[in-house]
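Number of protein chains: 2
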Amino acid sequence: MNLACICHVMSTLLLVTGGSLLLPITCSLFYGGDDLWPLAVSACVISSAGLLLRLFFRHFSDLSFREGVLVAASGWVIISALSTLPFLLHGSIGSFTDAYFEMMSGYTTTGASILTDIEALPHGLLFWRSQTHLLGGMGFLTLTLIFLPHGMGSLRIFRAESSPGQVITREKFVARNRDAMIWLWAIYLSLNILQAGLLLLGGMDLFNALCTAFGTVSTSGYSPKNASIGHYGSAYIDWVVITFMFLGGITFLLYYQLLRGRLGSVVANTELRWYLVLLSAFCGAVSLDLWAAGTYESFAEALRFGTFQVTSLLTTTGFTTADYERWPQAAQMFLFVVCFIGACAGSTTSGIKVVHYVILCKYLVGAIKKIFIQPLSVVSVRLNGRPVEQAVIDLAVCYFVVNIFMVLLGGCVMVLSDRLDYLSAMSAVISSLMNIGPGFGAVGPSENFAFISDFGKWFLCFNMLVGRLEMFSVLIIFFPAFWRR
Amino acid sequence: MNLACICHVMSTLLLVTGGSLLLPITCSLFYGGDDLWPLAVSACVISSAGLLLRLFFRHFSDLSFREGVLVAASGWVIISALSTLPFLLHGSIGSFTDAYFEMMSGYTTTGASILTDIEALPHGLLFWRSQTHLLGGMGFLTLTLIFLPHGMGSLRIFRAESSPGQVITREKFVARNRDAMIWLWAIYLSLNILQAGLLLLGGMDLFNALCTAFGTVSTSGYSPKNASIGHYGSAYIDWVVITFMFLGGITFLLYYQLLRGRLGSVVANTELRWYLVLLSAFCGAVSLDLWAAGTYESFAEALRFGTFQVTSLLTTTGFTTADYERWPQAAQMFLFVVCFIGACAGSTTSGIKVVHYVILCKYLVGAIKKIFIQPLSVVSVRLNGRPVEQAVIDLAVCYFVVNIFMVLLGGCVMVLSDRLDYLSAMSAVISSLMNIGPGFGAVGPSENFAFISDFGKWFLCFNMLVGRLEMFSVLIIFFPAFWRR
Ligand SMILES: [K+]
Ligand SMILES: [K+]
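Read top to bottom, the protein sequences are chains A and B.
Our numbering puts the first residue of the first sequence at 6, with every later residue one more than the last.
Our numbering puts the first residue of the second sequence at 6, with every later residue one more than the last.
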């Protein structure tokens, strides 16, 4: 285990985080809130820690896969802990557990909040809260990689951070890794700026436009308003947010290929087609149900609210424009199912993801045919026109099954720790494991996570991290074989 | 497609069903109810239909796998339809849909009822209702096989009827098939008689003892009393029923091996160990929770009620002694999880079954290790001390995933057709697909299925059949490749 190397990466991580506090500090200066000194002190503390660590661990060599996994898992844990500093110093969030939950929820793009009155926070802190989405959405550590010396280690971190998606789509950048990261980040930031611009055109001020964009493109869901996007009550803003949630759910490599003029690989992308079909089907079903039940007066209204909520939950964003727990039961059932889908692999979304369903369905049909009807046939799963190897099928199966197991077991843990009703308990686990944010029942869209016990909050934080790192980069740490030489 | 052969098997099936009506007729004669002539007429009609069919299709040759599947699927559908005759002629169940639901629920050992007052039925009809469990519990068609000319066709039906369990455990009888069936049935009937005897000792009358035993060993759950086993309010009866539900959940081949003195293969049985561990763990957890929450005064009481309900749901029996929806939330969450487990393959139980979890867990651990930690390792799953082949792993994965998909999709169908709340909708699908009987919410232990719409009832019947035939013997009929030469 090359601890020096891990510390070197950590120091970069700390410096990036410390530096990124400059934006909320600027915001605080502009609005003149009392959160200036907490933000400034935090920036100093985090940057100094980073510099100190860098002094001791100047040397960087290649990372092994094991070190990459440890960096990924511990990086998120440590940065979330340090990011609580502004809130604790300012006093707007009293307990460390609450602040940690809020930050982990931000970085993992979950967007589940313990704040009962979001709008009471000063602008600088709100900006810092939303900015965690910007950092976390693209895979937190990828940002660090841009500042690291070149080397294969970067790719290892990148794969440890969002491994199954990257492995499965096999859409790896051929260019050098750092260039790849820069491209990814450029596309990501452009989408954020584009959305903020469109929101400004809709009459939002710059602060809200930026915060909302940070929460949308990263499919995260923190809003500076208590009523989420519902606060603005504007159809234009709703449709802009729907569009960018949808765009955030597309594999980012496809944008890169589009920029390079490779339209063919976008058209050939199996997952994108399924994503479009699934999204349209559920948006249509929920909108029709809302219209038929008379929840909204016109079909245009039903379509607007239905499409917003389906897109928000399917892409694991978690924004809300309506209390969907008052919707007809069929619409709620569809939303419950949608929570299990997730968007495309290699996007900013979390959840089970469409590609796993594509592989799973094709594998199921092939395997049943082989076992029962045509014993001599070969189970072949094709993705993007190419056959998929057995390891990838295994991974998709494991990913799906472990998700289901974790929801059922996690539900048991939550009822025991919090005496929630079991639907709310499972829903809390689903919404944190899939990084969605709001759930059903006691953790529904009009509620928050403030009432959860400390143990429950730490357990949900663990689920958020497991979900964000796509299960296995966290879970394999618990395998004894992982630690053996 | 050898239609003549299929008709020959059907004729045997009709004759067996018609003949089996002699027992409820005897019961009706003894109690002198007004259900004598409906039962007698039904027996005549069904037997005559069987005889007529036999006259036209005397010849029996071997069945192909495809014909075996068709016999299995259509046999259950047709016999359920004909078995409604006594109820329709007597008028105690007015609509054909309701009567069909009751009979399909009986034969598939689900035990979900549309009757609001069970005790209002005359004794003959109640006996007929419970007797469907006796016929269905051991795999309905296996009984027919005893009366068929010898041949490999029998094995094919047997495998089509409870295929995955049989394939997976690879515990095939080496003796000739008909002998095997006779052995299975002898063990099964002995268990029924033994339990009825023990219930008689507890002060039950013969009628109730037989009906209760039919519902227990077949892990089905119809009781002649409205309050199910709770009616008797006796700890002795509770523990007898717990014991025989547990015994009904064990692979029947193990009894056969025990009788032959092969204790080794019982001890080596992986599934049996996991079944014991899972059952004890959940019984313990629920009992402790009930005791800690003060739901029952003494620990003995909590253990009795907790163990009963966990065993009842885990073995997919569905008997109740308490309204568990008034229990603490943690206990309910455990019960919800237990519904997904099911007992051993090759037993009278349905549901996902322990063996699939054993294979799935071993496969998950192996695959994750191979993908992430030791790329050169081989994913090997061992069961009963022997390695398991890839086709069996595929089958276990397919079985689990298709079950989960069917619960989520079925929930959508049920909310649309019945405007149930989505928890009740999913629960109705779970309880019919896993052949459990009671569920949660609107289909909870103190409710019944009378209020479900006609479409909903037919859809649940379909789920019962799919669950009882272990998914694929029904589902592959919908594959175009199944019908191709
Ligand atoms: K989210
Ligand atoms: K049952």
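Glycine residues also receive a C-beta, built at the ideal position from the N, C-alpha and C atoms.
Cutoff 6 Å; reference residue i; Cβ partners in own chain excluding five residues on either side
{"i": "Ile104/B", "result": "Residue 104/B is actually Ala in this sequence, not Ile. Correct list, in chain order: Thr89, Phe92, Leu93 and Ile98."}
{"i": "Arg175/B", "result": "Low confidence applies to Arg175/B: its pLDDT is 39, below 50, so where it sits in the model is not reliable enough to give any reading."}
{"i": "Ala218/A", "result": "Asn197, Gln200 and Ala201"}
{"i": "Val172/B", "result": "Low local confidence applies: a pLDDT of 37 at Val172/B is under 50, so the model's placement there is unreliable, with the coordinate-based value given in what follows. Counting only Cβ-Cβ distances below 6 Å, and skipping sequence neighbours, we find nothing."}
{"i": "Gly289/A", "result": "none"}
{"i": "Tyr36/A", "result": "His128"}
{"i": "Gly170/A", "result": "With a pLDDT of 36 at Gly170/A, under the threshold of 50, the predicted position of this residue should be treated as unreliable, though the coordinate-derived value follows. For Gly170/A, where only same-chain residues beyond five positions count, the Cβ hits under 6 Å are Ala350 and Gly351."}
{"i": "Leu131/A", "result": "Pro229"}
Whether residue i touches residue j by CB criterion (7 Å)
{"i": "Ser352/A", "j": "Ile234/A", "result": "no"}
{"i": "Leu252/B", "j": "Leu284/B", "result": "no"}
{"i": "Glu124/B", "j": "Asn231/B", "result": "yes"}
{"i": "Asn453/A", "j": "Ala273/A", "result": "no"}
{"i": "Gly238/B", "j": "Tyr227/B", "result": "no"}
{"i": "Val386/A", "j": "Tyr368/A", "result": "yes"}
{"i": "Asp294/B", "j": "Pro450/B", "result": "no"}
{"i": "Phe341/B", "j": "Thr326/B", "result": "no"}
{"i": "Thr121/A", "j": "Ala348/A", "result": "no"}
{"i": "Met469/B", "j": "Ser432/B", "result": "no"}
{"i": "Asp426/A", "j": "Ser458/A", "result": "no"}
{"i": "Val363/B", "j": "Trp279/B", "result": "yes"}
{"i": "Ile51/A", "j": "Leu87/A", "result": "yes"}
{"i": "Val393/B", "j": "Phe464/B", "result": "no"}
{"i": "Phe106/B", "j": "Lys462/B", "result": "yes"}
{"i": "Gly207/A", "j": "Tyr241/A", "result": "yes"}
{"i": "Ala372/A", "j": "Asp243/B", "result": "no"}
{"i": "Ile378/A", "j": "Ala396/B", "result": "no"}
{"i": "Met143/B", "j": "Tyr193/B", "result": "yes"}
{"i": "Gly446/A", "j": "Met338/B", "result": "no"}
{"i": "Leu414/A", "j": "Ala335/B", "result": "no"}
Close Cβ partners of residue i (< 7 Å) along its chain, the five nearest in sequence each way excluded
{"i": "Ile11/B", "result": "Glu72, Leu75 and Val76"}
{"i": "His138/A", "result": "Gly111, Thr114, Phe219, Gly220, Ser223, Ser225 and Tyr227"}
{"i": "Gly442/A", "result": "Thr115, Gly116, Ala117, Gly226, Gly323 and Ser436"}
{"i": "Ser168/A", "result": "Only weak support is given to the placement of Ser168/A: the predicted model assigns it a pLDDT of 35, under 50, and the question is left unresolved by the model."}
{"i": "Gly55/B", "result": "Ser16, Leu19, Leu20 and Gly23"}
{"i": "Ala180/B", "result": "Confidence at Ala180/B is low in this model, with a pLDDT of 43, below 50, so its placement is unreliable and no value can be given for it."}
{"i": "Met108/B", "result": "Ser85, Ser88, Thr89 and Thr137"}
Contact belief for residue i with residue j at Cβ below 8 Å, rounded distance in angstroms
{"i": "Leu18/A", "j": "Gly96/A", "result": "Not quite, the Cβ-Cβ distance comes to about 27 Å (not below 8 Å), so this is no contact."}
{"i": "Ile346/B", "j": "Val360/B", "result": "Between Val360/B and Ile346/B the Cβ distance is about 11 Å, and since that is not below 8 Å, they are no contact."}
{"i": "Arg33/A", "j": "Gln136/A", "result": "The residue you asked about is not Arg; residue 33/A is Ser in the sequence shown. About 12 Å separates the two Cβ atoms, so there is no contact after all."}
{"i": "Ile247/A", "j": "Phe304/A", "result": "No, Ile247/A and Phe304/A are not in contact; Cβ-Cβ is about 16 Å, not under 8 Å."}
{"i": "Leu365/A", "j": "Val412/A", "result": "Contact flag wrong, Cβ pair sits at about 16 Å."}
{"i": "Ala9/B", "j": "Phe62/B", "result": "5 Å"}
{"i": "Ala486/B", "j": "Lys374/A", "result": "6 Å"}
{"i": "Gly472/A", "j": "Ser355/A", "result": "5 Å"}
Residues that residue i bridges to, as DSSP identifies them
{"i": "Pro392/B", "result": "Arg387/B"}
Beta-carbon contacts of residue i that lie in its chain and below 8 Å, excluding the five residues immediately before and after
{"i": "Thr30/B", "result": "Before going on, a small fix: residue 30/B reads as Ile here, not Thr. Closer than 8 Å at Cβ, skipping near neighbours: Leu41, Leu44, Ala45, Ala48 and Gly129."}
{"i": "Ile482/B", "result": "Val74, Leu75 and Ala78"}
{"i": "Ile357/A", "result": "Phe345, Ile346, Gly347, Tyr404, Phe405, Asn408 and Met439"}
{"i": "His64/B", "result": "Ala9, Cys10 and His13"}
{"i": "Arg59/B", "result": "His13, Ser16, Thr17 and Leu20"}
9 Å Cβ cut-off: residues of chain E touching residue i
{"i": "Cys403/B", "result": "Reference to chain E is not applicable here, since the protein chains of this structure are A and B."}
_Which residues of the stretch 379-400 of chain B have a Cβ closer than 8 Å to any Cβ of chain A? Give them in chain order._
Gln379, Val384, Ala396, Asp399 and Leu400
*Give the residues from the stretch 322-345 of chain B that approach chain A closer than 8 Å (Cβ to any Cβ), ordered along the chain.*
Pro333, Gln334, Ala335, Gln337, Met338, Phe339, Phe341, Val342 and Phe345
*May I ask you to list, following chain order, the residues of the stretch 410-433 of chain B that have a beta carbon less than 7 Å from some beta carbon of chain A?*
Leu413, Gly416, Cys417, Val420, Leu421, Arg424, Leu425, Asp426, Tyr427, Leu428 and Ala430
*Name the residues in the stretch 347-378 of chain B whose C-beta lies less than 7 Å from a C-beta of chain A; which are they?*
Leu365, Leu369, Ala372, Ile373, Lys374, Ile376, Phe377 and Ile378
*Anything in the stretch 477-490 of chain B with a Cβ closer than 9 Å to a Cβ of chain A? List those residues in chain order, please.*
Phe477, Ser478, Leu480, Ile481, Phe484, Ala486, Phe487 and Arg489
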